[in-house]
Amino acid sequence: MTRRIATLLWAALLVVPLAFLGVALTLDRGAPATEHRTLFLWLAAAASAFNVALSRVLPPRLYSARGSGREAATLTRFLVGWSLCEAAALFPLVAYLVTRDARLVVVLALDVVALAFLYPSDRRWNRLAPAGSGGALGPRQGAH
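Position 130, counted from 1, in the sequence shown is what numbering that gives the first Met the number 0 calls 129; the numbers after and before it change by one each time, with no gaps.
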């Protein structure tokens with residue numbers, strides 16, 4: 000049941016930046032601000048790279064709370080990774096609203112792809128599951 004919930008949460012998080020992009024593309028709000036285009040592009044790229052890297056590195060290193068089940072600990076690790084990718088996707092969207100710089104849509108697309116690759120498959124679920132029973136601490140040993 001937890002895996003099904005994880006898949007629904009993943010899909011919901013994947014839809015948000017795409018829906019926001021639809022709004023951003025249809026919103027007509029006058030002339031774009033161009034004085035900070037390059038700055039916003041570099042900030043978006045740096046924030047995206049940092050958050051996407053953290054989304055891969057941080058979740059397996061999270062400790063589970065004592066008494067929490069293995070499924071809950073695994074779901075928490077996924078949520079942290081997804082949230083980092085979601086956060087990465089929001090900055091380029093907001094910057095795009097301000098500047099209308101199409102390069103920011105490319106940064107957004109990369110962030111959405113990074114989130115899509117965090118689908119909670121059987122293999123990834125087992126890899127992020129804590130070692131031992133009952134939510135033992137640390138990542139599963141020997142996972143590939």
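C-beta: ideal position from N, C-alpha, C; glycine also.
Contacting residues, own chain, Cβ-Cβ under 6 Å from residue i (five flanking each side not counted)
| i | result |
| --- | --- |
| S54 | G80, L83, C84 |
| T1 | E70, L74 |
| R139 | Caution applies to R139, whose pLDDT of 44 falls short of 50 and renders its modelled position unreliable; the value that the coordinates give is listed next. If we look at R139 and ignore the five residues flanking it on each side, its Cβ neighbours are A128, A130. |
Own chain, CB closer than 8 Å to residue i, minus 5 neighbours either side, in chain order
| i | result |
| --- | --- |
| A44 | V106 |
| A94 | F39, L40, L42, A43, D100, L103 |
Terminal residues of the alpha helix (DSSP H) in which residue i lies
| i | result |
| --- | --- |
| L38 | 36-56 |
| Y95 | 69-98 |
| F19 | 1-25 |
| R102 | 102-115 |
Backbone CA spacing between residue i and residue j [nearest angstrom]
| i | j | result |
| --- | --- | --- |
| L96 | L7 | 28 Å |
| S47 | S67 | 31 Å |
| Y118 | L61 | 19 Å |
| N125 | R69 | 10 Å |
| P177 | S120 | Because the chain is modelled from 0 through 143, residue 177 falls outside the range shown and cannot be assessed. |
| L167 | A30 | Only positions 0 to 143 of the chain appear in this structure, which leaves residue 167 out of reach. |
| L24 | L17 | 11 Å |
| A10 | F77 | 12 Å |
| F19 | L26 | 11 Å |
| A108 | A52 | 16 Å |
Beta-carbon proximity list for residue i, same chain, < 7 Å, skipping 5 on both sides
| i | result |
| --- | --- |
| T33 | T98 |
| A5 | L74, F77, P119 |
| N50 | L83, C84, A86, A87 |
Closer than 8 Å to chain B by CB, residue i
| i | result |
| --- | --- |
| A43 | Absent from the structure: chain B. Only one protein chain is present. |
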